[in-house]
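Input: a single structure, listed below in structure tokens.
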Amino acid sequence: MEIIYNKVFLEHDTGMHPENKKRLKCFGKLKETKIESGEKYLSLIHDKNYVQQVKEACNKEEYLDPDTYVSKGSWNTALMAVGATIAASEKNGFALVRPPGHHAHPGRSSGFCIFNNLAISVQRLVNKGKKVLIFDFDGHLGDGTMDIFYDTNKVMYFSLHQYPAFPNKGWMDELGEGKGKGYTINVPLPAGTGDDLYFDAIDRVTPYLKRFNADVVALSAGFDAYLGDLLLDLKLSFNAYYNLGKLLRENFKNMYATFEGGYNTEALPFCVFSFLEGINGEKQRFSEKSTKSSLDTRKEYDKRIKELEKNLKKCCKI
Ligand SMILES: [Zn+2]
Numbered sequence: 012m013e014i015i016y017n018k019v020f021l022e023h024d025t026g027m028h029p030e031n032k033k034r035l036k037c038f039g040k041l042k043e044t045k046i047e048s049g050e051k052y053l054s055l056i057h058d059k060n061y062v063q064q065v066k067e068a069c070n071k072e073e074y075l076d077p078d079t080y081v082s083k084g085s086w087n088t089a090l091m092a093v094g095a096t097i098a099a100s101e102k103n104g105f106a107l108v109r110p111p112g113h114h115a116h117p118g119r120s121s122g123f124c125i126f127n128n129l130a131i132s133v134q135r136l137v138n139k140g141k142k143v144l145i146f147d148f149d150g151h152l153g154d155g156t157m158d159i160f161y162d163t164n165k166v167m168y169f170s171l172h173q174y175p176a177f178p179n180k181g182w183m184d185e186l187g188e189g190k191g192k193g194y195t196i197n198v199p200l201p202a203g204t205g206d207d208l209y210f211d212a213i214d215r216v217t218p219y220l221k222r223f224n225a226d227v228v229a230l231s232a233g234f235d236a237y238l239g240d241l242l243l244d245l246k247l248s249f250n251a252y253y254n255l256g257k258l259l260r261e262n263f264k265n266m267y268a269t270f271e272g273g274y275n276t277e278a279l280p281f282c283v284f285s286f287l288e289g290i291n292g293e294k295q296r297f298s299e300k301s302t303k304s305s306l307d308t309r310k311e312y313d314k315r316i317k318e319l320e321k322n323l324k325k326c327c328k329i
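In our numbering, each number is its position in the sequence shown, counted from 1, plus 11.
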């Protein structure tokens, strides 16, 4: 899995906002890839009126919602983020983009996200007859993505995220609806969750993900579950990201990824490079002591995971 990057992603200028260009500058010099605009794909997910509203807001340089600011350069940058994610889906790449996308809904921005890069690329694959598993390991629930595919059995959405935390959704009983019932799986993790419980959750859910037998696995790759992140209180180490990449490599084929959150710019390159080394079957360069959850965290986690397993046994048809 190779990085797809272009310095156009620095042109979404948000000033001192936590989602700012330092999040990519911190990677140092990266090889650049020529990227095409994703404008023609927006209508796969987004309403026409909303797209027009974003364009106008970028010209005026204003807030699209209380969390999401746009500047003049944001319009083109957001289209390129969609284009890079489509390119990643074509060549099993890792689109290292901003702005992120997984909170964006068809008709509104949310949580620093303008267009839902991953959902657009997934819908394109579904329209080509593919079955897609979305594995969202950002520390927040990708509520935009979850809602978009909530009633379909062509896409399985899986998220591990801190709860309570923005957007305060993604409980164990949110399992999809209609044909999509059993095709959404949420693991709401208590604050303080470390590597131990994180992988316990993945081990318990992986059999369901594998039985879905996806043609393609789309990764919403956020790194704000890292122990030193500024926005969340999860405690993953660099080792966890390496091991997550390794686990995905061992269990799934035909994967691609797009970058979501991650706000500790000192640690971010280590998290992303560790993940890529894991998924590419390379040696781990940056080791860090694996983290353990406290007894209280484990108690709360146990309650939640048992409830989720009960729900999945009841409603998951695969
Ligand atoms: Zn996040």
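Yeah, the Cβ is synthetic: ideal placement off N, Cα and C, and Gly gets one too.
Residue i - partner residues in DSSP beta bridges
i	result
Lys246	Gly205
Ile196	Phe169
Cys282	None, per the DSSP bridge assignment.
Ser231	Asp147, Thr269
Ala106	Ile15, Thr269
Asp307	None, per the DSSP bridge assignment.
Asp78	Beta-bridge pairing links Asp78 to no other residue.
His116	Arg119
Cβ-heavy atom distance, residue i to ligand 1, below 7 Å
i	result
Gly292	no
His116	no
Gly150	yes
Glu30	no
Asp226	no
Gly233	yes
Glu271	yes
Residue from the options whose Cα sits closest to the Cα of residue i
i	options	result
Asn17	Ala115, Asn291, Pro110	Pro110
Asn60	Pro117, Val19, Ser48, Leu21	Pro117
Lys180	Leu186, Asp154, Leu107, Lys165	Asp154
Asn127	Gly104, Val137, Met157, Leu144	Met157
Phe146	Ser132, Tyr168, Leu136, Asp24	Tyr168
Leu241	Glu30, Leu136, Ala212, Leu306	Glu30
Lys139	Val227, Asn275, Asp235, Ile290	Val227
Pro201	Gly49, Gly84, Thr25, Arg309	Arg309
Gln173	Asn164, Gly233, Glu277, Tyr194	Gly233
His28	Leu144, Leu55, Glu73	Glu73
Glu47	Gln63, Ala106, Gln134, Ser121	Ala106
Ser100	Gln134, Ser304, Cys124, Cys69	Gln134
Val108	Ser85, Arg119, Leu186	Ser85
Thr141	Lys190, Lys165, Gly150, Phe160	First, the residue type needs correcting, since residue 141 is Lys and not Thr in the sequence shown. Lys141 has its Cα closest to that of Lys165, out of Lys190, Lys165, Gly150, Phe160.
His203	Lys66, Glu271, Gly150, Glu188	Here residue 203 turns out to be Gly, not His, going by the sequence shown. Taking only the C-alpha atoms, the option nearest Gly203 is Gly150.
Ile97	Lys40, Glu261, Gly49, Ser82	Gly49
Asn265	Ala225, Asp162, Tyr52	Ala225
Ser298	Ser304, Cys282, Asn291	Cys282
Arg34	Leu245, Asp235, Lys190	Asp235
Glu67	Phe123, Phe270, Pro178, Asn87	Asn87
Lys32	Phe284, Val216, Val81	Val81
DSSP-derived helix/strand/coil call for residue i
i	result
Phe270	strand
Tyr174	coil
Leu259	helix
Ser121	strand
Ala156	The amino acid at residue 156 is misidentified as Ala; the sequence shows Thr. Correct three-state label for Thr156: helix.
Asp211	helix
Tyr237	strand
Gly39	coil
Arg135	helix
Asn33	Per the sequence shown, the amino acid found at residue 33 is Lys instead of Asn. The answer is helix: DSSP assigns Lys33 an H, G or I state.
Asp91	Per the sequence shown, the amino acid found at residue 91 is Met instead of Asp. Reduced to three states, the DSSP call for Met91 is helix.
Ile56	coil
Gly225	One detail in the question is off: residue 225 reads as Ala in this sequence, not Gly. DSSP places Ala225 in coil when its eight states are reduced to three.
Asp24	coil
Gln295	coil
Leu186	coil
Thr96	helix
Glu277	coil
Tyr253	helix
Asp191	Reading off the sequence, residue 191 comes out as Gly, not Asp. Gly191 falls in the helix class under three-state DSSP.
Ser85	helix
Gly289	helix
Asp313	helix
Check: residue i C-beta below 7 Å from any heavy atom of ligand 3
i	result
Gly155	By its list of ligands, the structure shown excludes ligand 3, since it contains just ligand 1.
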